Structures are given as structure tokens and as C-alpha cells.
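First the structure, in the form of C-alpha cells, and then the observations on it.
Numbering (our numbering), first residue to last: 599 to 854.
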């Protein structure tokens with residue numbers, strides 16, 4: 599595929615219509631580069647994608663996010679569902695194996711993709727997958743994530759997002775005390791305190807649980823032909839996602 603600028607496409611998949619963008623020209627002998635997040639969509643990767651002028655770059659909005667609308671509200675938004683979506687997009691582009699940079703929930707989805715379809719990915723850079731499920735303090739960490747969802751369902755988006763920020767920025771092991779604390783005032787973060795009544799946010803409504811509670815198939819990841827690089831930031835040291843990155847690296851026998 600040879601394109602100039604960015605071209606937008608859609609792909610119908612079970613339960614959703616995915617929207618994705620392809621930038622750049624023919625990668626030649628180099629792999630197509632996928633840049634993915636979750637819940638962050640394609641717009642969050644626009645600047646980064648622009649640096650790879652010698653590569654074909656694909657960005658997309660995950661199901662239920664921004665332009666990728668759900669066609670079946672009952673369809674799950676899980677790492678395995680996202681992995682199947684990515685597999686279909688790779689097939690659609692005839693692009694495999696691809697190079698894949700994935701951040702946050704996107705990193706969890708990418709690990710699911712490699713476990714299920716290792717031939718799809720040549721190199722995966724997985725940045726801070728927020729896998730509360732594999733931490734030594736997993737019970738408290740998962741309880742804290744559930745509390746975020748409960749705050750959202752009870753009090754709306756502003757309250758839920760403020761609680762999310764407080765939990766994900768917490769440094770050090772999660773404790774029962776921290777997990778049970780109420781979220782902060784949304785006004786501290788410049789967010790609305792009033793509840794508009796909607797409960798359609800995919801992260802606060804679903805993926806705060808399905809992503810953080812997911813347990814990757816580490817046997818499949820260790821045996822995959824994919825080169826897996828786990829990335830962890832220096833400024834986020836001690837935070838849940840950073841600690842999870844170190845835990846993933848340990849489980850697959852590498853260093854972040």
C-alpha cells in the first residue's frame with residue numbers, strides 16, 4: 599500500500615465499526631508500524647506518527663472510543679476483543695508481521711494479540727501495561743480499580759476520572775486503606791463535579807476492570823517469535839502501571 603498524508607478507513611468487526619488511519623508511504627522491506635493506545639485513540643499519536651516519514655504507520659481508535667462506534671452495546675470491550683480487532687486490521691492491510699508500539703491499555707491489548715497471533719507482530723514495545731492482576735499487591739490494586747468504576751457509576755464522569763487520577767498516580771504498593779479511600783474532589787483537577795447522568799465512557803465503565811484484571815498468557819508470550827520489549831518510564835517509577843511493566847518483564851524473562 600502506498601499513500602501520502604493520512605487516509606482514513608473503516609472496518610466492520612463483530613460488535614463495532616473500527617476507524618483507522620494510514621500515513622506515509624511504502625515501508626519497502628521494513629514492517630508497517632502500528633501505534634496504539636487504549637482508551638487513547640489515533641489523535642493521541644498524530645505527532646509521533648509524523649516522525650516516521652520512511653514508514654507506513656497505522657493508528658486507530660479502539661472499539662467504543664472516539665470514531666470507532668459500538669454497533670452492539672452488549673459486545674465486550676476486553677483485551678481479547680481488542681486483540682481480535684488488531685488481528686483483523688493487520689489482515690485487512692496485508693501488513694503482517696508489523697512493528698507495534700503500544701501504551702497503557704494498548705500495551706495490554708498488544709500482549710493479548712501476541713499471545714493469540716504471534717505471527718502478526720515482529721517487534722512489540724509495550725509501554726507500562728496497567729496489569730494490577732500480576733502485582734504482589736494484586737488484591738488491593740484490583741480493588742482500587744473496581745472502586746474507580748464504582749465511583750463513576752455512582753457519581754459520574756468527573757468524580758470517576760478524579761478517582762482514576764488519584765489511583766494511577768499513587769506511588770508504591772497499593773494498600774487496602776488506599777483502595778478504600780473515596781476519590782478526591784474533581785475540581786482539584788479542573789473537572790466537573792456535577793453528574794450529567796451519562797454512563798458511556800468506555801474506560802471508566804468497562805476497561806478500568808477488563809484491562810487491569812486481565813491475566814496474559816505468559817507461556818504463549820515466552821514462546822512467541824515476537825521480540826517483546828517492555829518499557830517503563832523514569833518519572834512514573836512506583837506507580838501501578840510502572841510496577842506492572844517490571845512484573846511483566848520478569849514473567850517473560852527480560853528487563854524493562
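Just so you know, even glycine gets a beta-carbon here, dropped at the ideal spot from N, CA and C. All of these numbers come straight from a predicted model, not from anything done at the bench.
CB of residue i within 9 Å of CB of residue j, strictly
i           : j           : result
residue 622 : residue 650 : yes
residue 702 : residue 727 : yes
residue 677 : residue 629 : no
residue 729 : residue 830 : no
residue 634 : residue 684 : yes
residue 662 : residue 800 : yes
residue 757 : residue 791 : yes
residue 698 : residue 687 : no
residue 706 : residue 612 : no
residue 721 : residue 828 : no
Outcome for residue i when other beta-carbon atoms lying within 10 angstroms are tallied against a minimum of 16
i           : result
residue 853 : exposed
residue 648 : exposed
residue 636 : buried
residue 807 : buried
residue 606 : exposed
residue 762 : buried
residue 675 : buried
residue 832 : exposed
residue 809 : buried
residue 788 : exposed
residue 641 : exposed
residue 794 : exposed
Nearest-angstrom beta carbon gap, residue j and residue i [assumed within contact, 8 Å]
i           : j           : result
residue 618 : residue 645 : Not a contact, Cβ separation roughly 18 Å.
residue 666 : residue 745 : The pair is not a contact, with the Cβ atoms about 28 Å apart (cut-off 8 Å).
Minimum Cβ-Cβ distance from residue i to chain C less than 9 Å
i           : result
residue 643 : You won't find chain C in this structure, because it holds only one protein chain.
Same chain only: Cβ atoms within 7 Å of residue i, ignoring 5 sequence neighbours per side
i           : result
residue 867 : Coverage of the chain is limited to positions 599 through 854, which leaves residue 867 absent and any answer about it impossible.
residue 816 : 849, 850
residue 690 : 609
Same chain only: Cβ atoms within 6 Å of residue i, ignoring 5 sequence neighbours per side
i           : result
residue 604 : 619, 621
residue 784 : 756, 757, 760, 791
residue 602 : Because residue 602 sits at a pLDDT of 42, beneath the cut-off of 50, its placement in the model cannot be relied upon, and the point is left open.
Beta-carbon proximity list for residue i, same chain, < 8 Å, skipping 5 on both sides
i           : result
residue 673 : 612, 613, 614, 661, 679
Is the number of C-beta pairs between the region 711–719 and the region 738–752 that are closer than 8 Å three or more?
no
Should the region 817–837 be regarded as contacting the region 729–738, the criterion being three or more beta carbon pairs within less than 8 Å?
no
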